[in-house]
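Here's the structure we're looking at; comments come further down.
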Amino acid sequence: MERSTVQSCLAAPALPSEPSAWPACPQQTEDAIVIKRSLPYEGLLHEIVEHNGVLYLGGIVPEDAGLDMAGQADDVLRQLKTLLEGAGSDLSCVLQVTIFLTDLADKAAFNQVWKRYFAADHLPARAAIGVADLGPGVRLELTAIAARR
Numbered sequence: 027m028e029r030s031t032v033q034s035c036l037a038a039p040a041l042p043s044e045p046s047a048w049p050a051c052p053q054q055t056e057d058a059i060v061i062k063r064s065l066p067y068e069g070l071l072h073e074i075v076e077h078n079g080v081l082y083l084g085g086i087v088p089e090d091a092g093l094d095m096a097g098q099a100d101d102v103l104r105q106l107k108t109l110l111e112g113a114g115s116d117l118s119c120v121l122q123v124t125i126f127l128t129d130l131a132d133k134a135a136f137n138q139v140w141k142r143y144f145a146a147d148h149l150p151a152r153a154a155i156g157v158a159d160l161g162p163g164v165r166l167e168l169t170a171i172a173a174r175r
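Under the working numbering, think of the first position of the sequence shown as 27, with each following residue one higher.
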């Protein structure tokens, strides 16, 4: 997108409150954009959305909320690995991860498991954010962005 287009989008008036009334972005034409959505979850979201070879993975939570932080971290990172492989990617292609933790004191335990999944030369950008609640027993949730292989 050219700089002038970006500036004109930024200077645009406030959007209507109803998304269906929003104007289309200049690049959103039928022949210019392809979005693949997979693994719908309870009609609320898709676990993976792909756009131009970039995979966006929605909130991944542990399948067993009864596990300690190390167990939940291993569960979530294993799910991430499996989802990526199913979408034609792998952990070495992860660009960015956001981790939501209900207790930031658990970050050290999470990091120990993290190091088993990500090699030092393939570390993605990452942020860990403390949150009040993710559901009963759930200590973490993870979102990720990855390139397709």
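Note that CB positions come from ideal geometry on N, CA and C, so glycine has one too.
Since the structure is predicted, the reported quantities are computational estimates derived from the model, not experimental observations.
Inset, instruction - Would you kindly work out how many angstroms separate the C-alpha atoms of M95 and T108, rounded to a whole number? - result: Linking M95 to T108 through their CA atoms gives a straight-line distance of about 20 Å.
Inset, instruction - Compute the distance between the beta-carbons of L160 and V87, then report whether it is under 8 Å. - result: yes
Legend entry - Residues that DSSP places opposite F144 in a beta bridge: Secondary-structure assignment with DSSP links F144 through no beta bridge to anything.
Legend entry - Proximity to C119 [Cα-Cα], best of P162, Q98, A158, Y143: Y143
Inset, instruction - Look up G156 in the DSSP assignment and give the residues it is bridged to. - result: L127
Inset, instruction - For my contact list, I155 and F126 are in at a C-beta cut-off of 8 Å; report their separation, rounded to the angstrom. - result: 5 Å
Inset, instruction - Kindly identify the DSSP beta-bridge partner or partners of E89. - result: Per DSSP, none; premise fails for E89.
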